[in-house]
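Participant: Everything in the sequence shown is counted per full-length UniProt numbering, starting at 1 for the first residue and increasing by one. No residue lacks a Cβ here, since even glycine has one placed at the ideal position from N, Cα and C. Note that the structure is a prediction, hence the values are computed from the model and not measured. Can you keep this structure in mind? I'll have questions shortly.
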Amino acid sequence: MPALPKFISIRTKMLFLLCCLITVPFLLSGMLTYQKYSANMERDARTSSEQIVEQVSINLERYIKEMERITMSLYYDDHVSQILEMHTGAFKDNSYLRSDELFKMSQMISSVIYERTEVEGIFIFALDGSLFSNLQETAKISWKPTDNSWMETARAKDGGLVILPPNDGSYYLEKPRRVISLARLLKDPLTNQVIGYVKVDLTSKGFEKILTSIQITENSKLYIFNEKGETIFPFSGEDKEEIPVNTSEVNTSKMLVSERETSYGGLHIQGIIPKSDLQSEARQLISYTLWISLASLFIAFLASVFTSNRLVKPIRHLHMKMKRVQNGELSERAAVTTNDEIGLLTSGFNVMVSQLDKMIKDVYELTIRDKESELAALQSQINPHFLYNTLESISMAARRDRNEELSQVIASLGRLLQYTVNKQERLIPLQEELEFVDHYVNIQTFRLENRLQVQVQVDLSYESLLVPKLIVQPLIENAIEHGMGNRPLTITLSTKLIEQDLWISAADNGKGMDAETIARIEQSLSRPSIGKEREQGKRQKGFALWNIHRRIHILYGEPYGLYVDRNVKEGATFHIRIPFNWED
1 MPALPKFISI RTKMLFLLCC LITVPFLLSG MLTYQKYSAN MERDARTSSE QIVEQVSINL
61 ERYIKEMERI TMSLYYDDHV SQILEMHTGA FKDNSYLRSD ELFKMSQMIS SVIYERTEVE
121 GIFIFALDGS LFSNLQETAK ISWKPTDNSW METARAKDGG LVILPPNDGS YYLEKPRRVI
181 SLARLLKDPL TNQVIGYVKV DLTSKGFEKI LTSIQITENS KLYIFNEKGE TIFPFSGEDK
241 EEIPVNTSEV NTSKMLVSER ETSYGGLHIQ GIIPKSDLQS EARQLISYTL WISLASLFIA
301 FLASVFTSNR LVKPIRHLHM KMKRVQNGEL SERAAVTTND EIGLLTSGFN VMVSQLDKMI
361 KDVYELTIRD KESELAALQS QINPHFLYNT LESISMAARR DRNEELSQVI ASLGRLLQYT
421 VNKQERLIPL QEELEFVDHY VNIQTFRLEN RLQVQVQVDL SYESLLVPKL IVQPLIENAI
481 EHGMGNRPLT ITLSTKLIEQ DLWISAADNG KGMDAETIAR IEQSLSRPSI GKEREQGKRQ
541 KGFALWNIHR RIHILYGEPY GLYVDRNVKE GATFHIRIPF NWED
């Protein structure tokens with residue numbers, strides 16, 4: 001019988017296969033890419049450099065033309081010519097300038113450089129030593145030939161545009177500013193006589209917009225020279241000693257050089273790329289290939305683990321959803337990601353949770369209906385002791401033949417019973433509740449004679465507000481039962497509106513309550529139920545107040561209910577707080 005081959009796990013086979021499929025192609029592609037990359041990198045870099053330098057030359061020509069239009073607008077301006085012709089006399093150290101001349105020149109110069117933030121200033125030099133500019137507060141009004149040697153270059157151009165290298169303007173009142181300048185000789189268009197010079201000082205912003213963002217490699221550099229070979233860019237001139245002037249000064253074995261000369265302005269552009277940058281990238285490619293190969297081995301191992309875990313992931317997902325459902329999140333559903341036995345199990349779980357959610361909602365609705373039944377039962381309750389006392393009073397009155405008064409009491413009692421038995425409406429207008437209270441007070445006044453007085457201070461505009469049924473009468477009954485003493489009892493019923501809530505208050509001048517009684521009442525109001533004594537049909541003090549608070553809490557929730565006023569000094573005061581709600 002042939003021997004069985006050595007056992008090799010599926011995970012080991014998967015690891016070996018994935019290592020081969022990932023690492024070997026990386027090694028082969030890395031070697032081929034390096035050879036091809038080394039051959040083409042220099043050519044591509046040279047092509048890119050030439051294209052960039054060409055684009056830079058086009059942008060510079062466009063920019064120089066825009067700046068030249070500023071100087072040309074001054075060249076042909078009649079006001080400039082007229083003012084300069086008035087200052088063509090002999091050179092003076094301290095020339096006098098009229099305010100109207102300064103204003104006209106400044107206004108005209110400011111108009112041509114509107115929104116040109118890179119223009120530091122424009123200066124017009126008259127032959128008599130006068131100086132006009134748009135910087136009246138920070139520039140001088142005269143110039144000296146010794147500080148402006150550039151005028152010889154401008155005169156040699158005979159009206160042509162001259163681009164000057166970075167220089168420090170001596171005509172600024174503050175410390176000299178480092179600027180690059182465009183200048184030209186100004187002549188009278190009719191007589192062709194020299195009438196002055198114009199000089200535009202530029203900050204580095206204009207050139208930086210075109211040049212600073214251009215970089216082929218990390219150490220590549222871009223230089224710009226004028227017609228005399230003077231450095232225009234870099235603007236700061238800090239590396240002036242290292243800036244080459246022509247290609248012969250550059251070691252071409254170590255550098256790639258691209259050059260262009262603008263057809264307008266005579267600017268010479270030179271781009272230099274160190275070949276070490278290109279070799280560095282090639283070396284990085286080899287390093288990356290090795291690191292990627294090592295990473296590939298690690299990825300192959302992770303891939304094998306990941307592949308095996310894919311079988312377990314749907315089960316873990318289902319387990320997580322089960323835990324959430326266990327914690328009461330019945331809206332959770334598991335995603336069906338596979339079309340197999342696990343997918344069928346997940347679908348069955350979703351159906352089960354949906355049915356469970358529906359059953360719980362049905363039970364919840366049943367509980368709500370039970371709460372409504374409880375509320376209806378609470379509304380229908382009335383103090384039997386009160387009925388006994390009323391009937392006894394009626395009997396005594398009948399013995400004394402007080403028929404008319406007895407008739408009114410019996411009528412009030414009938415309306416009172418009719419009001420309490422009717423359960424069709426849970427919320428009623430405040431006016432109906434007050435009418436019920438009036439009937440109740442008539443009966444109590446009949447029983448207590450002159451020992452009871454009730455004052456109702458309710459704004460007529462509040463009578464249409466909706467309130468829960470049977471919430472005011474228990475307060476009157478509570479005041480009579482617990483506040484009646486030897487002297488007559490006065491009960492004041494009032495309402496007020498605070499923000500969006502209606503407050504109904506019942507205050508009496510009776511015996512009052514001590515702090516212990518108030519604390520006991522507040523503790524009783526906070527209970528969810530009144531206790532076993534009430535369930536067994538026994539009379540318990542504080543039930544009427546608890547009944548009011550419980551009904552309001554069921555209807556509106558926190559913070560609405562019944563509150564005891566602790567700040568009264570005489571008698572007792574209770575407040576009912578309900579939401580502000582108009583009758584439709």
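To which residues of the same chain is ARG155 closer than 6 angstroms at the C-beta, ignoring the five residues directly before and after it?
Facilitator: Closer than 6 angstroms at the Cβ level, and outside the excluded window around ARG155, lie LEU185.
Participant: Taking 8 angstroms as the threshold (C-beta atoms), are ILE64 and VAL112 in contact?
Facilitator: Not a contact, by the Cβ cut-off of 8 angstroms.
Participant: Which residue comes first and which comes last in the alpha helix (DSSP H) that contains PRO274?
Facilitator: It is not in any alpha helix (DSSP H) - PRO274 instead sits in the beta strand (DSSP E) that spans 268 to 274.
Participant: Distance check for ASP508 and ASP459, CA to CA, integer angstroms please.
Facilitator: Near 19 angstroms, if we compare the C-alpha coordinates of ASP508 and ASP459.
Participant: Measure from the alpha carbon of TYR462 to the alpha carbon of each residue in PRO429, LEU448, ARG447 and ASN442, then state which is nearest.
Facilitator: For TYR462, the nearest C-alpha among the options comes from PRO429.
Participant: For GLU533, is the classification buried or exposed, using 16 other Cβ atoms within 10 angstroms of its Cβ as the cut-off for buried?
Facilitator: Because GLU533 sits at a pLDDT of 45, beneath the cut-off of 50, its placement in the model cannot be relied upon, and the point is left open.
Participant: Use the C-beta contact count for TYR440: other C-beta atoms within 10 angstroms, 16 or more gives buried, fewer gives exposed.
Facilitator: Its Cβ being crowded by 16 or more others within 10 Å, TYR440 is buried.
Participant: At 3 residues or longer, what runs of the beta strand (DSSP E) sit wholly inside the region 92 to 142?
Facilitator: Runs found: 119 to 126 and 131 to 133.
Participant: Judging by CA-CA distance, which residue of ASN581, GLU522, LEU60 and ARG550 is the nearest neighbour of GLU261?
Facilitator: That would be LEU60, whose Cα lies nearest to the Cα of GLU261.
Participant: Spatial neighbours of VAL162 within its chain, please: C-beta separation below 6 angstroms, excluding the five flanking residues on both sides.
Facilitator: The residues are THR153, ALA154 and ALA183.
Participant: By alpha-carbon positions, which one of MET72, ASP201, THR146 and LEU127 ends up nearest to LEU135?
Facilitator: When each option's Cα is compared against that of LEU135, the closest is ASP201.
Participant: If you drop the 5 nearest sequence neighbours on each side, which residues of the same chain put their C-beta closer than 6 angstroms to that of LEU496?
Facilitator: For the record, residue 496 in the displayed sequence is Lys; it is not Leu. Around LYS496: TRP503.
Participant: By alpha-carbon positions, which one of PHE207, GLY266 and TYR197 ends up nearest to GLU227?
Facilitator: Comparing Cα-Cα distances from GLU227 to each of PHE207, GLY266 and TYR197, the minimum goes to GLY266.
Participant: Let me confirm a value: GLY561 is counted as buried when at least 16 other C-beta atoms fall within 10 Å, else exposed. Which label applies?
Facilitator: Flag for GLY561 reads buried.
Participant: Within its chain, find whatever has a CB closer than 7 angstroms to the CB of GLU54; leave out the 5 residues flanking it on each side and keep chain order.
Facilitator: Counting only Cβ-Cβ distances below 7 angstroms, and skipping sequence neighbours, we find ARG260.
Participant: Check whether the region 40 to 57 touches the region 86 to 94, taking contact to mean three or more Cβ pairs, one atom from each stretch, closer than 8 angstroms.
Facilitator: Output reads no: the region 86 to 94 does not touch the region 40 to 57.
Participant: At what residues does the beta strand (DSSP E) containing PRO429 begin and finish?
Facilitator: Per DSSP, PRO429 belongs to the beta strand (DSSP E) from 427 to 429.
Participant: For PHE225, count neighbouring Cβ atoms within 10 angstroms of its own Cβ and tell me buried if that reaches 16, exposed if not.
Facilitator: PHE225 is buried by the Cβ-count criterion.
Participant: Assign PHE132 to one of two classes, buried (16 or more other C-beta atoms within 10 Å of its C-beta) or exposed (fewer than that).
Facilitator: Classification for PHE132: buried.
Participant: What beta strand (DSSP E) runs, 3 residues minimum, are completely inside the UniProt domain "HAMP" (309 to 361)?
Facilitator: Complete beta strand (DSSP E) runs here, min 3: none at all.
Participant: How far does the beta strand (DSSP E) with ILE471 in it extend, from its first residue to its last?
Facilitator: No beta strand (DSSP E) holds ILE471; DSSP gives it neither H nor E.
Participant: Could you check if ASP239 is buried or exposed, using at least 16 other CB atoms within 10 Å of its CB as the buried criterion?
Facilitator: Unreliable positioning characterises ASP239 in this predicted model, as indicated by a pLDDT of 45, which lies under 50. A coordinate reading is not provided.
Participant: Please list, in chain order, all residues of the same chain as ILE83 whose beta carbon is under 6 angstroms from its beta carbon, the five residues on each side excluded.
Facilitator: Cβ neighbours of ILE83 beyond the five flanking positions: GLU101.
Participant: Using beta-carbon positions only, say whether ARG178 and PRO165 come within less than 8 angstroms of one another.
Facilitator: Against a cut-off of 8 angstroms, the Cβ pair of PRO165 and ARG178 comes out as no contact.
Participant: Could you please give the first and the last residue of the uninterrupted beta strand (DSSP E) stretch that includes TRP503?
Facilitator: Segment 501 to 508, the beta strand (DSSP E) holding TRP503.
Participant: How would you label THR544, buried or exposed, when you count the other beta carbons within 10 angstroms and need 16 or more for buried?
Facilitator: One detail in the question is off: residue 544 reads as Ala in this sequence, not Thr. Buried: at least 16 other Cβ atoms inside 10 Å.
Participant: Look at LEU330 and PHE349 and say whether their C-beta atoms are less than 8 angstroms apart.
Facilitator: Result no, Cβ atoms of LEU330 and PHE349 do not sit closer than 8 angstroms.
Participant: If we count the other Cβ atoms within 10 Å of its Cβ and call it buried at 16 or more, is HIS79 buried or exposed?
Facilitator: With fewer than 16 other Cβ atoms within 10 Å, it is exposed.
Participant: Kindly indicate which residue of THR490, HIS482 and TYR563 has the alpha-carbon position closest to the one of SER505.
Facilitator: If we check each option's Cα against that of SER505, TYR563 comes out closest.
Participant: Report back the beta-carbon spacing between ILE480 and GLN444 to the nearest angstrom; my notes put them in contact at under 8 angstroms.
Facilitator: Yes, they are in contact, since the Cβ atoms of ILE480 and GLN444 sit about 6 angstroms apart, within 8 angstroms.
Participant: Which of the three DSSP states is assigned to ASN89 in this structure?
Facilitator: Inspection of the sequence shows that residue 89 is occupied by Gly rather than by Asn. If DSSP states are grouped into helix, strand and coil, GLY89 belongs with coil.
Participant: So ASN167 is in the beta strand (DSSP E); what residue range does that whole segment cover?
Facilitator: 162 to 168 is the extent of the beta strand (DSSP E) around ASN167.
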